[in-house]
Structure formats: C-alpha cells, structure tokens
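These notes concern the structure reproduced below.
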Amino acid sequence: MSTLTRAMSLQVGYRLPLWKNLNGTTGVNKLTHSPQNVRSSLFKNSSVRINNVPVVQARFVSSSEFKVDTVEASDTENEAMSPVQEIGVGVFILNDNKVLFGRRRSLTIAANSYAVPGGHLECGESFEECAAREVKEETGLDINNIELLTTTENVISDALHLRVIYMSANLSDPRQTPQNIEPDKCEGWEWHNLKNLPEPMFGPLREMLRDGFNPFPVHSLCM
Ligand SMILES: Nc1nc2c([nH]c(=O)n2[C@H]2C[C@H](O)[C@@H](COP(=O)(O)OP(=O)(O)OP(=O)(O)O)O2)c(=O)[nH]1
C-alpha cells in the first residue's frame, strides 16, 4: 500500500485534498497571466520535500499554519481532488524609475530569488489593505496610491493553485528608506531599474517583465 501525504490547515480547519502522487511527481506547473497571457514552468525544480518526497509547493512544509502528516492510500480513495486556491499579493513599489526588490531567504517558494514585497491575503482583507500591511511588515514603508495591476494563476499541482494579485503603489513619503524588518525571510531591499533587474529573479516576475509587463502608469516613461 503506497503512502500518501496530506496537509492539514490548522488555521482555518479544513483538510486539503491529497496530491494524486507525490512520489517524484512535480505535476503540471504553469502560470497564466492576464492580460498578457504569460506562461511559465515555475516551481519545477523546488527542493522542497514532504516526508522526504520532493514536491513543487513549499508553503505546506514551513508555514506555521500547516502541518503535514502521513496517511494510508486506502483512507483516501474517495476523497475529492478539487484544487485548493491560495491567494498571494505582490506589490510593485514605484519610486522614480525604480522598483523595490528583495532577495528571499525563505525556504518556501522562490528561495534565494528576488521578488517584490508581498504575502498572503487574510480573511476580510482587501487587496489594497493586504498590500499596505505586507509592505509595512516587511519593509517598514508606508505606501499610497495602491492600485490593482494584474493577476496570475500558478497551477502548482492538481491540488493547489496559487492566485497572485499584483498591485502597484508609491511611497507615502519619498524620503523613506526600506528596512529589512524580517531578516529571516529576506536578505534586504534594493531599488532596481526594470532595465537592469537583479538575478536570480523570481520566475513568474521574470516571465512577466520579460514579456513586456510594465507596472508603471501608461503615461509614465519610467522604464
Ligand atoms: N512576496 C511575493 N510573493 C509572490 C510574488 N509572486 C508570487 O507568485 N508570489 C506568491 C508566493 C507566495 O505563495 C505568495 C505570498 O508570498 P510570501 O511567500 O512572500 O508570503 P509571506 O510568507 O511573506 O506572507 P504570509 O504568508 O506571512 O502572509 O505569493 C512576489 O513577487 N512577491
């Protein structure tokens, strides 16, 4: 009897569907990006492991909201396989012609790559509130003019889809400088011109930007 792995959400109390097969399977990983229809094969090479089995999604392993346990296949035969959707928010903070990026230390998604500040949407929170909260928590910065840019959907596996909402924002006071409030998660924050992006860039972001996605206002020449 094969051993399957499942994740239990401690925070909201629902059980996530099982992966069909975790034994080396990475699943179909693609990113759809509206409106530019960017496609990507991110997360393929994740080094994340659950019960020593490689998987493509890390959040279950390291987040305090989840624990992982092991069940026998016979317990699971009748369980639904409908995917769970997580919602993340990423924020392009625009300052002159630059955007704020930080190199992630996290052992979860996108370890060691550069990404914009962001995090998971909390219950009852608007995208704007989430953007302001995550930016404050991670960088100490206060932002305004927070606007929706686009969304992406990362299909991590049959069981998990990650919807990411990308927002843009300005500094409330341009004299602010970013602080590394969560040094366990990030090496530090730096302003970068989009013509000269730091590497390695978080894959979905690299794909978007390479395909011409521009977080600056249309009337702006800041690129
Ligand atoms: N921060 C950030 N997350 C991104 C970006 N692109 C992208 O797909 N994501 C995804 C990865 C995560 O699954 C999700 C949330 O990001 P995160 O991993 O930084 O979350 P976090 O631990 O800081 O926040 P939280 O769970 O404490 O709320 O959004 C991005 O550019 N920046």
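Numbering follows full-length UniProt numbering, with no gaps: position 17 of the sequence shown is 17. For glycine and all other residues, C-beta sits at the position ideal for the given N, C-alpha and C.
Whole-angstrom distance between Arg175 and Thr152, CA atom to CA atom: Straight-line Cα distance between these residues: approximately 32 Å.
Which residues DSSP lists as bridging Phe101, in chain order: DSSP links Phe101 through a beta bridge to Glu190.
Bounding residues of the beta strand (DSSP E) (the contiguous stretch that carries Thr177): From DSSP, Thr177 is part of no beta strand (DSSP E); its letter is neither H nor E.
Near ligand 1: Lys185 beta-carbon under 7 Å from a heavy atom: Indeed, a heavy atom of ligand 1 lies less than 7 Å from the Cβ.
Exposure label - Gly212; buried when at least 16 CB within 10 Å: Exposed is the label assigned to Gly212, since fewer than 16 other Cβ atoms lie within 10 Å of its Cβ.
Whole-angstrom distance between Ser126 and Ala115, CA atom to CA atom: One C-alpha to the other measures close to 21 Å.
Proximity to Lys136 [Cα-Cα], best of Arg163, Thr150 and Ser172: Out of Arg163, Thr150 and Ser172, Ser172 has the C-alpha closest to the C-alpha of Lys136.
Cβ-heavy atom distance, His161 to ligand 1, below 7 Å: False, no ligand heavy atom lies under 7 Å from that Cβ.
Alpha-carbon to alpha-carbon, Phe92 and Tyr166: Between Tyr166 and Phe92, the C-alpha separation is close to 7 Å.
Residues that DSSP places opposite Arg163 in a beta bridge: Looking at the DSSP assignment, Arg163 forms a beta bridge with Ile87 and Glu153.
For Ala111, three-class secondary structure by DSSP: Note: Ala111 maps to coil in three-state DSSP.
Bridge partners - Leu94, DSSP secondary structure assignment: Looking at the DSSP assignment, Leu94 forms a beta bridge with Val99 and Asn170.
Pick from Glu182, Met208, Pro200 and Ile87 that is closest to Cys123, judged by C-alpha positions: Of Glu182, Met208, Pro200 and Ile87, the residue nearest in Cα terms is Ile87.
Residue 225 burial status per 10 Å Cβ neighbour count (16 or more: buried): The first residue shown for the chain is 1 and the last is 223, placing residue 225 beyond what the model contains.
Asn145 burial status per 10 Å Cβ neighbour count (16 or more: buried): With fewer than 16 other CB atoms across the displayed protein chains lying within 10 angstroms of its CB, Asn145 is exposed.
Gly188 CB to nearest heavy atom of ligand 1 below 7 Å: Gly188: no, Cβ never under 7 Å from ligand 1.
Beta-carbon gap between Asp184 and Arg105 smaller than 8 Å: Closer than 8 Å, so yes.
Cβ neighbours of Arg206 in the same chain (closer than 7 Å, five flanking residues each side left out): Excluding sequence neighbours, Arg206 sits near nothing in its chain.
Closer than 7 Å: Ala115 CB and nearest ligand 1 heavy atom: Yes, the beta carbon of Ala115 sits closer than 7 Å to at least one heavy atom of ligand 1.
Those residues which DSSP pairs with Glu147 across a bridge: Here Glu147 is bridged, per DSSP, to Ser168.
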